[in-house]
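Undergrad:
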Amino acid sequence: MIRLFALLSVVVLALPTWGEGHLGCAPTLADPLGLLGDCARPAAAAPVAQARGIVDRRANIDAEGFPFAIREDHIFFLSGGARVSEAEQQRITQLANVLKTSVLRNACLRLVGHGDTSGPAEANQTVSLSRARAVETLLGEALGAPERIVEVVGAGETAPLAEFEPTAPEQRRVAIYARSCSAP
2 MIRLFALLSV VVLALPTWGE GHLGCAPTLA DPLGLLGDCA RPAAAAPVAQ
52 ARGIVDRRAN IDAEGFPFAI REDHIFFLSG GARVSEAEQQ RITQLANVLK
102 TSVLRNACLR LVGHGDTSGP AEANQTVSLS RARAVETLLG EALGAPERIV
152 EVVGAGETAP LAEFEPTAPE QRRVAIYARS CSAP
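In the working numbering, the protein residues as written are 2 to 185.
1. Quick check: V153 and R134, are their CB atoms within less than 8 Å of each other?
2. Taking 8 Å as the limit between beta carbons, can you name the residues of its chain near Q90, skipping five residues before and five after?
3. Assign S103 to buried or exposed, taking buried as 16 or more other Cβ atoms, counted over all protein chains shown, within 10 Å of its Cβ.
4. Taking C-alpha atoms, which residue in A97, F165, E87, Q126 lies nearest to E142?
5. Can you give the beta carbon distance from I93 to V136, rounded, assuming they're within the 8 Å contact cut?
6. Give the C-beta separation of A179 and L112 to the nearest angstrom, bearing in mind that I take them to be a contact with Cβ-Cβ under 8 Å.
7. For R132 versus G114, is the C-beta distance shorter than 8 Å?
8. Starting from C182, follow its DSSP beta bridges and name the residues at the other end.
9. In the DSSP assignment, what are the bridge partners of L110?
10. How is the alpha helix (DSSP H) around E171 delimited, first residue to last?
11. Residues in its own chain within less than 7 Å of T168 by CB, not counting five upstream and five downstream?
12. Give the DSSP-derived three-state secondary structure of G82 in the structure shown.
13. Please classify P141: does DSSP put it in a helix, a strand, or coil?
14. So which of E87, L162, E148, R173 has the shortest CA-CA distance to A124?
15. Are the beta-carbon atoms of A108 and R149 separated by less than 8 Å?
The structure is reproduced here in structure tokens:
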């Protein structure tokens, strides 16, 4: 089973299948991404998580039925735009390096673009797919294996993050779900 929860909103989730979630291991100082840690120690990681600005959402499920990542960060987009800034491109490169590790090198990826509620729903749907496609291009190049990205979709404004206002910049994001390529 793959264990990954890291960077970006490009939110990275480790899922044995697209529909069944696994919450992953807690981060430690030796294993800040929780890739190699002991999953039986989640409480011990709270100070590390807080120090890194990590969000704990173990009890929440998103609108598509996927568990939220234990740890997440965001790649933000300007309202109405799908351009990935240079800083965010560097973060995608960092994510690709994590996805190339022995633990994750066989992971398949699903990218889901999201939008805020500014403007018409149809436009938000279109721009959310454009955002996912922009991340697909950059992540595929950084991985050197674009075929690992097996699904790219736009969710528009249909799956907002509950803790943010519907028009907040945090709603303009791309979620990355990782699972074993051998899973259905």
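Cβ atoms here follow ideal geometry from the backbone N, Cα and C, with glycine treated the same way.
TA: Reading off the structure:
1. Walking along the sequence shown from the start, residue 153 turns up at place 152. Walking along the sequence shown from the start, residue 134 turns up at place 133. Between V153 and R134, the CB-CB gap stays under 8 Å.
2. As a working mapping, residue 90 is identified with position 89 in the sequence shown. Answer for Q90: L139, listed in chain order.
3. Looking up residue 103 in the sequence shown gives position 102. Within a 10 Å sphere around the beta-carbon of S103 sit fewer than 16 other beta-carbons, which makes this residue exposed.
4. Here residue 142 refers to the residue found at position 141 of the sequence shown. Comparing C-alpha distances from E142 to each of A97, F165, E87, Q126 shows the shortest one belongs to A97.
5. Working through the sequence shown from its first residue, we reach residue 93 at position 92. Working through the sequence shown from its first residue, we reach residue 136 at position 135. Contact holds; Cβ gap of about 7 Å.
6. Your numbering for residue 179 matches position 178 in the sequence shown. Your numbering for residue 112 matches position 111 in the sequence shown. That pair is no contact at about 10 Å.
7. Within the sequence shown, numbered from 1, the residue matching residue 132 stands at position 131. Within the sequence shown, numbered from 1, the residue matching residue 114 stands at position 113. Cβ atoms of R132 and G114: closer than 8 Å.
8. As a position in the sequence shown, residue 182 is number 181, starting the count at 1. None, per the DSSP bridge assignment.
9. Here residue 110 refers to the residue found at position 109 when the sequence shown is read from its first residue. The partner list for L110 (beta bridge, DSSP) reads I150, A179.
10. Position 170 of the sequence shown holds residue 171. Careful: E171 lies outside any alpha helix (DSSP H) and carries neither H nor E.
11. Reading the sequence shown from its first residue, position 167 is the one you call residue 168. Result list for T168: D117, T118, S119, in chain order.
12. For the purposes of this step, residue 82 is taken as the residue at position 81 of the sequence shown. Reduced to three states, the DSSP call for G82 is coil.
13. Taking the sequence shown and counting its residues from 1, one reaches residue 141 at position 140. Correcting the residue identity first, residue 141 is Gly in this sequence and not Pro. Correct three-state label for G141: helix.
14. On the sequence shown, residue 124 is found 123 positions in, with the first residue counted as 1. Of the candidates E87, L162, E148, R173, the residue whose Cα lies closest to the Cα of A124 is R173.
15. To locate residue 108, count along the sequence shown from 1; it is residue 107. To locate residue 149, count along the sequence shown from 1; it is residue 148. Remark: C-beta atoms of A108 and R149 approach each other more closely than 8 Å.
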